[in-house]
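The block underneath contains the structure these notes are about, expressed in structure tokens.
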Amino acid sequence: MIEVKTVSKSFGDVKAVKEITFTAPDSQVTALLGANGAGKTTTLRMIYALITPQTGEILIDGINPKEEPEKARKLLGVLPDTRGLYKRLTARENIEYFGKLHGMNDADIRSRTDSLVEDLRMQEFIDRKTDGFSQGQRVKVAIARALVHDPQNIILDEPTNGLDVMSTRGVRRFLNKEKQRGKCILFSSHVMQEVAAVSDEILIVNDGTITAKGTQLELQQQTGKDNLEDAFVYIVTNGEGHE
Amino acid sequence: MNKQILTVMFKEIKDNIRDKKTVMSSIFMGAIFGPVLLVVMMNAVSGMMKDKSEKQLELHVDGMNNAKSFITFVQSQGAKVVEFSGNAKKAILNKDKEAILVIPSDFPKKFESGLPAVIQLYYDATAKGATNITQERIKALIKGYSRTIGMTRLQLRGISPSLLQAVTIEDHDVSTAESKGAKALAFLPYFLIMGLFMGSMYLAIDTMAGEKERNSLESLLLNPIKRSHLLTGKLLATISFGIVTMFATLLTFKFALPFMPFESMGISFTFGVKNIVLFAILLAPLSIMAASLQTIIATFSKSFKEAQTYVSLLIFIPMIPSLILMMVPVKEKLWMMFVPILGQNLAINQILRGEPVSMVWFIAVAVGSLIVGVLLALLAIKLYNRESLLFSD
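If you read the protein sequences in the order shown, they are chains A and B.
FYI, my numbering numbers position 95 of the first sequence as 95, with every residue one higher than the one before it.
Numbers in my numbering are just positions in the second sequence, counted from 1, shifted up by 243.
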């Protein structure tokens with residue numbers, strides 16, 4: 001479970017995140033939906049302790065990442081916005097490296113990698129060097145690498161950015177399976193269909209704050225619209241509805 | 244040692260060994276470049292010197308007929324005389340001739356009346372190559388002729404020619420074959436240090452700027468590893484490449500020795516296992532300094548290319564002490580030994596000269612470089628801990 005309480009962060013004069021508060025519970029997919037620059041990535045980066053918040057507090061299964069960053073990271077699996085691989089290493093070696101950094105032994109890394117290969121359908125390319133991988137293959141390796149230690153909390157920043165339909169479906173199927181296993185999944189996106197398709201709760205982020213939250217249906221009812229996109233536009237434009 | 248540090252180190256080594264370009268340009272080029280350049284340089288110099296001092300001297304003379312007995316003398320000394328006519332100064336400036344003798348028409352008159360007769364020697368003292376050797380050989384010939392004639396004149400008047408020599412010089416050159424070797428090899432320390440810098444350069448760039456450029460840094464930082472451990476692992480990989488290159492340079496140098504013209508230069512030089520070990524102990528601490536400096540610069544660079552540009556410039560730093568020591572003779576002092584690079588230069592030169600290097604000095608070199616290296620490594624770690632590390636783009 002991830003708890004974010006009145007967290008803020010400014011870069012110089014720019015207030016990127018303004019007192020955001022929300023909770024992402026276990027066995028649920030929570031989505032941060034917002035336009036580019038709304039503050040999604042900054043919020044996520046504070047959760048995984050790459051940026052220190054200026055106000056407020058974050059708890060990951062009760063651990064404050066500001067105070068115990070290494071301990072918090074063990075509880076987190078993160079697919080960040082930038083997800084480059086080591087192209088001279090094979091997909092398996094990329095995953096192994098992160099497993100070792102998590103302090104796993106070789107046998108655990110092996111069995112976990114095997115099950116990820118199966119879930120994400122990576123059999124064909126797992127032992128190939130990642131140089132020249134397609135976008136979809138790269139994202140799958142990056143997800144496997146991020147989740148090699150089987151963390152309870154999964155954070156994904158725009159996970160299906162640039163993926164084709166098949167890869168997108170593969171990632172969605174995988175996230176659903178992880179949800180069934182009781183994981184807490186928090187992801188950010190600006191793609192409506194994506195958010196509509198996988199999330200249980202949607203948090204609409206605009207200008208550094210959460211302006212609305214609920215299920216897709218709840219958001220549509222709140223705004224009186226019949227689809228998520230219209231509801232989103234209605235919310236971020238304060239009901240004016242202009243693009 | 245912390246297991247995570249080793250994980251990072253071995254990953255970086257494996258990753259970079261797979262890049263043939265890195266291995267070629269760092270280890271291979273670093274190790275080969277210096278020794279090969281030394282072989283080429285020394286052979287060129289010794290060949291040129293041999294050529295000019297042993298080849299038959301060719302004299303270009305304007306006004307041969309004015310000094311027939313001089314010409315006969317010169318020819319008896321084995322020189323070849325060629326008639327020259329035209330503007331001597333122009334011919335030298337145009338590099339048509341190395342040196343020209345002009346014998347003025349009043350030469351016979353002065354010569355016969357016992358006055359100093361003038362022979363003009365035209366040459367360019369600043370010309371490249373071995374012009375000075377030719378010019379000195381000509382002067383020696385003329386002086387020899389002058390002395391012969393002078394002595395004959397004195398003898399004819401019944402005066403002992405030895406009266407002219409109030410003082411004679413007895414040469415006592417205490418330089419040894421080893422010290423001559425050290426002079427010829429004065430650039431060796433630079434090549435060794437340069438190899439070390441080249442060896443670690445690409446790893447420093449790849450592990451720092453490379454991580455940013457391929458967008459893998461953020462993912463890496465999300466692992467439960469302290470940044471100081473992460474950077475220590477990367478630094479160790481970088482240092483190991485520097486040390487491997489240093490050993491490769493020493494071995495290449497050993498194998499290049501037979502191709503160096505030591506005999507014809509009157510130099511004796513041995514480079515055994517003992518020297519290799521001594522050099523390695525002196526140089527190894529420098530690799531920490533080199534790797535840390537390169538890493539610090541690469542941390543600030545936004546891209547691989549930018550890092551490459553700045554880090555390459557670092558290679559000129561070790562050149563400074565080598566160049567100064569070649570031009571200015573320095574009396575070694577203890578404090579100099581503590582200065583990285585300068586200390587290595589002095590100590591290695593002492594070993595090359597066959598002088599015993601005191602234990603204290605030896606340790607001073609190693610410890611001095613070690614301290615500076617560790618301080619720079621700590622600075623690199625401090626810089627790596629910044630939050631803005633990720634956002635410098």
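By construction, the Cβ of each residue, glycine as well, lies at the ideal position given by its N, Cα and C atoms.
Remember, it's a predicted structure, so these values are computed and weren't measured experimentally.
*Counted within 10 angstroms of its Cβ, other Cβ atoms place residue 631 (chain B) as buried (16 or more) or exposed*: exposed
*Decide if residue 615 (chain B) is buried, meaning its Cβ has at least 16 other Cβ atoms within 10 Å, or exposed.*
buried
*Proximity of residue 216 (chain A) and residue 202 (chain A) at Cβ, strictly below 8 angstroms*: yes
*Do residue 620 (chain B) and residue 535 (chain B) have their CB atoms nearer than 8 angstroms?*
yes
*What is the residue span of the alpha helix (DSSP H) that residue 175 (chain A) lies within?*
165-180
*Does the segment 542-555 of chain B come close enough to the segment 433-450 of chain B that 3 or more CB-CB pairs lie under 8 angstroms?*
yes
*chain A partners of residue 458 (chain B), CB-CB under 8 angstroms?*
82, 83, 84
*Which bits of chain B does residue 125 (chain A) rub up against, with CB to CB less than 9 angstroms?*
By Cβ distance, chain B contributes nothing, its closest Cβ being about 17 angstroms from residue 125 (chain A), past 9 angstroms.
_Sub-8 angstroms separation of residue 283 (chain B) and residue 499 (chain B) beta-carbons_ = no
*How about residue 347 (chain B) and residue 361 (chain B): do their beta carbons lie closer than 8 angstroms?*
yes
*Below 8 angstroms between beta carbons: does that hold for residue 486 (chain B) and residue 617 (chain B)?*
no
*Span of the beta strand (DSSP E), counted from its first residue to its last, around residue 303 (chain B)*: 301-305
*residue 206 (chain A) by DSSP, collapsed to three states: which one?*
strand
*For residue 175 (chain A), I'd like the list of residues in its chain whose CB is within less than 7 angstroms of its CB, leaving aside the five on either flank, ordered along the chain.*
29, 185, 198
*Out of B:344, B:369, B:559, which has the shortest C-alpha to C-alpha gap to residue 437 (chain B)?*
B:559
*What separation, rounded to the nearest whole angstrom, lies between the Cα atoms of residue 407 (chain B) and residue 307 (chain B)?*
30 angstroms
*In chain B, which residues lie less than 8 angstroms from residue 70 (chain A) when you measure between Cβ atoms?*
467, 468, 469
*Along chain A, which residues have their Cβ under 7 angstroms away from the Cβ of residue 254 (chain B)?*
97
_Residue from B:355, B:302, B:422 whose Cα sits closest to the Cα of residue 513 (chain B)_ = B:422
*Taking C-alpha atoms, which residue in A:80, A:150, A:21, A:131 lies nearest to residue 109 (chain A)?*
A:150
*Taking buried to mean at least 16 other C-beta atoms within 10 Å of its own C-beta, is residue 454 (chain B) buried or exposed?*
buried
*Does the beta carbon of residue 462 (chain B) sit closer than 8 angstroms to a beta carbon anywhere in chain A?*
yes
*Identify whether residue 573 (chain B) lies in helix, strand or coil by the three-state DSSP scheme.*
coil
*From the DSSP output, read off the bridge partner residues of residue 154 (chain A).*
A:77, A:185
*Buried/exposed call for residue 138 (chain A), threshold 16 Cβ in 10 Å*: buried
*asked:* Whole angstroms are fine: how far does the CA of residue 224 (chain A) sit from the CA of residue 218 (chain A)?
replied: 10 angstroms
_So, for residue 323 (chain B): in the same chain, excluding its five sequence neighbours on each side, which residues have a beta-carbon less than 8 angstroms away from its beta-carbon?_
299, 300, 301, 302
*is_contact[residue 369 (chain B), chain A] using C-beta, thresh 8 angstroms*: no
*Per-residue DSSP class, three states only, for residue 627 (chain B)*: helix
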